[in-house]
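Undergrad: Before I ask anything, let me first share the structure, which is written out below as structure tokens.
Have a look at this one:
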């Protein structure tokens with residue numbers, strides 16, 4: 259117990275009933291080791307072995323790939339294919355993006371509860387180490403193509419910035435407010451497209467963006483004073499906007515069949531930046547844990563760690579979300595994707611309403627309707643011409 263307490267402020271005493279720690283059962287009143295957050299600034303998961311290295315044809319001449327699994331065949335296609343449904347590739351991509359949006363909407367509640375007594379940088383480090391481990395079989399193919407490495411590194415940098423600032427922001431911000439601020443991503447992507455001249459936007463796209471922002475303003479409807487968490491959530495929205503814009507570019511350059519290797523590099527970069535952030539935030543405590551692996555093992559084995567939240571965020575939201583996004587952006591523009599993601603605040607607010615008891619008034623409901631309408635508008639009438 260003394261060794262574990264030395265790792266503070268990464269850990270702090272708490273209370274629990276019938277919890278396991280350090281090989282024994284804790285009774286009521288015993289000290290419980292809990293990683294904590296900064297109050298001011300507020301490996302491999304099951305099934306990973308099923309993922310094979312080869313996803314599509316080999317890059318090296320003369321090197322043959324073995325029998326391919328369903329995941330490999332999906333990644334080797336130029337896009338996605340649902341033979342049982344008569345859908346255009348663009349509509350299929352929009353459906354994938356909406357599923358990604360729903361998963362992302364749940365993150366605000368998961369992060370708020372999972373980080374209640376847990377430092378955001380430690381949470382992010384564990385989350386992305388697991389996420390990177392799940393995609394590690396694809397790294398071998400990535401090392402054979404310098405273009406995939408460059409693409410993965412850039413996507414990883416922007417995504418890491420978005421994820422880390424979001425994780426820090428949710429320490430002090432309300433889940434519903436964090437969800438609302440995330441919709442500013444819809445502004446960043448069209449601005450980037452206009453600045454770099456990569457797209458000519460239809461009028462309906464701008465109308466949808468304006469309606470989405472008006473909806474966000476109405477959804478704000480919060481009497482809580484501003485906090486640093488709001489700033490970090492806004493920064494997260496900007497960084498995610500850049501990430502969506504650059505992911506569209508690289509996904510079209512590299513192709514769907516290389517999505518696995520590209521995302522493997524991106525996840526390694528995200529995990530590395532998360533660990534570096536943790537080390538810079540808690541240098542002495544991190545060094546102590548490295549020098550005392552027994553203490554680190556006891557901490558990782560403790561049942562108080564929010565493993566369900568960490569695994570859900572690492573595998574479902576990060577791994578499957580990023581992969582689906584790369585596949586979908588083959589046929590859906592980044593601006594359309596950004597407006598689809600404006601559904602995220604409404605979905606996140608609904609989750610906070612039912613699970614966290616957060617409430618918003620009539621204006622919030624009007625804002626939610628505007629956001630939904632803007633998403634439908636851009637999906638049906640707002641396709642842009644590149």
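Residue numbers (my numbering): 259 to 644.
Note that CB positions come from ideal geometry on N, CA and C, so glycine has one too.
Nothing here was measured: the structure is a model prediction, and the numbers come from that model.
If you reduce the DSSP assignment to three classes, tell me which class residue 458 lands in.
TA: For the purposes of this step, residue 458 is taken as residue 200 along the chain shown, with counting starting at 1. Three-state result, residue 458: strand.
Undergrad: Just mark residue 559 as buried or exposed, buried being the case when its beta carbon has 16 or more other beta carbons within 10 Å.
TA: The residue given as residue 559 occupies position 301 in the chain shown. Answer is exposed; the Cβ neighbour count stays below 16.
Undergrad: Can you list the alpha helix (DSSP H) stretches of 4 or more residues lying completely in the stretch 505-579, in chain order?
TA: Whole alpha helix (DSSP H) segments, 4+ residues: 517-539, 541-549, 551-559 and 565-569.
Undergrad: Would you kindly work out how many angstroms separate the C-alpha atoms of residue 382 and residue 527, rounded to a whole number?
TA: For the purposes of this step, residue 382 is taken as residue 124 along the chain shown, with counting starting at 1. For the purposes of this step, residue 527 is taken as residue 269 along the chain shown, with counting starting at 1. Their backbone Cα atoms lie some 13 Å apart in a straight line.
Undergrad: Would you report the Cα separation of residue 259 and residue 468, rounded to the nearest angstrom?
TA: By one-based count along the chain shown, residue 259 stands at place 1. By one-based count along the chain shown, residue 468 stands at place 210. With a pLDDT of 49 at residue 259, under the threshold of 50, the predicted position of this residue should be treated as unreliable, and no value is reported.
Undergrad: So, do the stretch 393-405 and the stretch 445-464 have three or more beta carbon pairs nearer to each other than 8 Å?
TA: The stretch 393-405 vs the stretch 445-464: no contact.
Undergrad: Could you check whether residue 604 and residue 351 sit closer than 7 Å to each other, using their CB atoms as the reference points?
TA: Within the chain shown, residue 351 is the residue found at index 93, counting from 1. Within the chain shown, residue 604 is the residue found at index 346, counting from 1. In this structure, residue 604 does not lie closer than 7 Å to residue 351 by Cβ.
Undergrad: With a threshold of 8 Å on Cβ separation, who are the neighbours of residue 548 within its own chain once the five nearest residues in sequence on each side are excluded?
TA: Numbered from 1 along the chain shown, position 290 holds the residue referred to as residue 548. Hits under 8 Å: 554.
Undergrad: Whole angstroms is fine: what's the gap from residue 416's alpha carbon to residue 626's?
TA: The residue you call residue 416 lines up with position 158 of the chain shown. The residue you call residue 626 lines up with position 368 of the chain shown. Distance between the alpha carbons of residue 416 and residue 626: 28 Å.
Undergrad: Could you tell me how far apart the beta carbons of residue 596 and residue 443 are, in whole angstroms, since I believe they sit closer than 8 Å?
TA: Within the chain shown, the letter at position 338 stands for residue 596. Within the chain shown, the letter at position 185 stands for residue 443. With a Cβ gap of about 5 Å, residue 596 and residue 443 count as contacting.
Undergrad: How is residue 474 classed by DSSP in three states: helix, strand or coil?
TA: Numbered from its first residue, the chain shown carries residue 474 at position 216. Helix.
Undergrad: Got a sec? Which residues, its chain only, sit under 6 Å from residue 496 by beta carbon, not counting five neighbours each side?
TA: Position 238 of the chain shown holds residue 496. Counting only Cβ-Cβ distances below 6 Å, and skipping sequence neighbours, we find 446.
Undergrad: The alpha helix (DSSP H) spanning residue 608 covers which residue range?
TA: Here residue 608 is taken as the residue at index 350 of the chain shown, counted from 1. Its alpha helix (DSSP H) spans residues 601-613.
Undergrad: For residue 494 versus residue 423, is the C-beta distance shorter than 7 Å?
TA: Within the chain shown, the letter at position 236 stands for residue 494. Within the chain shown, the letter at position 165 stands for residue 423. Yes; because the gap between Cβ atoms is below 7 Å, this pair is in contact.
Undergrad: What's the C-alpha gap between residue 485 and residue 434?
TA: Residue numbering aside, residue 485 sits at position 227 when the chain shown is read from its first letter. Residue numbering aside, residue 434 sits at position 176 when the chain shown is read from its first letter. The straight-line gap from Cα to Cα measures roughly 14 Å.
Undergrad: If we define contact as Cβ-Cβ less than 7 Å, is residue 570 a contact residue for chain B?
TA: Given the protein chain composition of this structure (a single chain), no chain B is represented.
Undergrad: Helix, strand or coil: which one does DSSP assign to residue 442?
TA: One-based indexing of the chain shown puts residue 442 at position 184. In the structure shown, residue 442 sits in a helix (DSSP, three-state: H, G or I).
Undergrad: Take residue 311 and list the residues in its own chain whose beta-carbon comes closer than 7 Å to its own, dropping the five residues that flank it on each side.
TA: Working through the chain shown from its first residue, we reach residue 311 at position 53. Any reading at residue 311 must be qualified, since the residue scores a pLDDT of 29, below 50, and its modelled position is unreliable; no value is offered.
Undergrad: Work out the CA separation of residue 635 and residue 425 for me, nearest whole Å.
TA: Counting from 1 along the chain shown, the entry for residue 425 is found at position 167. Counting from 1 along the chain shown, the entry for residue 635 is found at position 377. Taking the straight line from one Cα to the other gives about 31 Å.
Undergrad: Measure the CB-CB distance between residue 410 and residue 520 and report whether it falls below 7 Å.
TA: Position 152 of the chain shown, counted from the first residue, corresponds to residue 410. Position 262 of the chain shown, counted from the first residue, corresponds to residue 520. Taking 7 Å as the Cβ cut-off, residue 410 and residue 520 qualify as a contacting pair.
Undergrad: Decide if residue 344 is buried, meaning its Cβ has at least 16 other Cβ atoms within 10 Å, or exposed.
TA: Translated into positions along the chain shown, residue 344 becomes position 86. The residue in question, residue 344, is exposed, as its Cβ has fewer than 16 Cβ neighbours within 10 Å.
Undergrad: In chain order, what residues of the same chain have a beta carbon less than 6 Å from the beta carbon of residue 385, not counting five sequence neighbours either side?
TA: As a position in the chain shown, residue 385 is number 127, starting the count at 1. Excluding residues within five positions, the ones whose Cβ falls inside 6 Å are 568, 571 and 572.
Undergrad: Tell me which same chain residues have a C-beta within less than 8 Å of the C-beta of residue 453, skipping the five on either side of it?
TA: Your numbering for residue 453 matches position 195 in the chain shown. Once the five neighbours on either side are set aside, residue 453 has no close Cβ partner at all.
Undergrad: Are the beta-carbon atoms of residue 598 and residue 355 separated by less than 7 Å?
TA: Sequence index remark: in the chain shown, residue 598 carries index 340 (1-based). Sequence index remark: in the chain shown, residue 355 carries index 97 (1-based). Yes, Cβ-Cβ distance for residue 598 and residue 355 is below 7 Å.
Undergrad: What distance in whole Å lies between the Cβ atoms of residue 389 and residue 576, which are believed to be in contact at a cut-off of 8 Å?
TA: Locating residue 576 in the chain shown gives position 318, counting from the first residue. Locating residue 389 in the chain shown gives position 131, counting from the first residue. At roughly 4 Å, the Cβ-Cβ gap stays under 8 Å, so residue 576 and residue 389 are in contact.
Undergrad: Going by the C-beta, is residue 581 closer than 6 Å to any heavy atom of the ligand MG?
TA: Ligands are entirely absent from the displayed structure, and the ligand MG is therefore not among its contents.
Undergrad: Please name the residue in 624, 529, 607 and 436 whose C-alpha comes closest to that of residue 391.
TA: The residue labelled residue 391 in the question sits at position 133 within the chain shown. Ranking 624, 529, 607 and 436 by Cα distance to residue 391 puts 529 first.
Undergrad: Closest by CA to residue 523, which one among 362, 375, 420 and 404?
TA: Position 265 of the chain shown, counted from the start, is the residue given in the question as residue 523. The candidate whose alpha carbon is nearest that of residue 523 is 404.
Undergrad: Which class does residue 376 belong to by DSSP, given the choice of helix, strand or coil?
TA: As a first step, residue 376 must be located in the chain shown, where it is residue number 118. Reduced to three states, the DSSP call for residue 376 is coil.
Undergrad: When you compare the CB positions of residue 377 and residue 431, do they come within less than 7 Å of one another, or not?
TA: Within the chain shown, numbered from 1, the residue matching residue 377 stands at position 119. Within the chain shown, numbered from 1, the residue matching residue 431 stands at position 173. No, they are not a contact pair.
Undergrad: DSSP on residue 588, reduced to helix/strand/coil?
TA: Here residue 588 corresponds to residue number 330 of the chain shown, with the count starting at 1. DSSP places residue 588 in coil when its eight states are reduced to three.
Undergrad: Just mark residue 616 as buried or exposed, buried being the case when its beta carbon has 16 or more other beta carbons within 10 Å.
TA: Locating residue 616 in the chain shown gives position 358, where the first residue counts as 1. Per the 10 Å Cβ criterion, buried.
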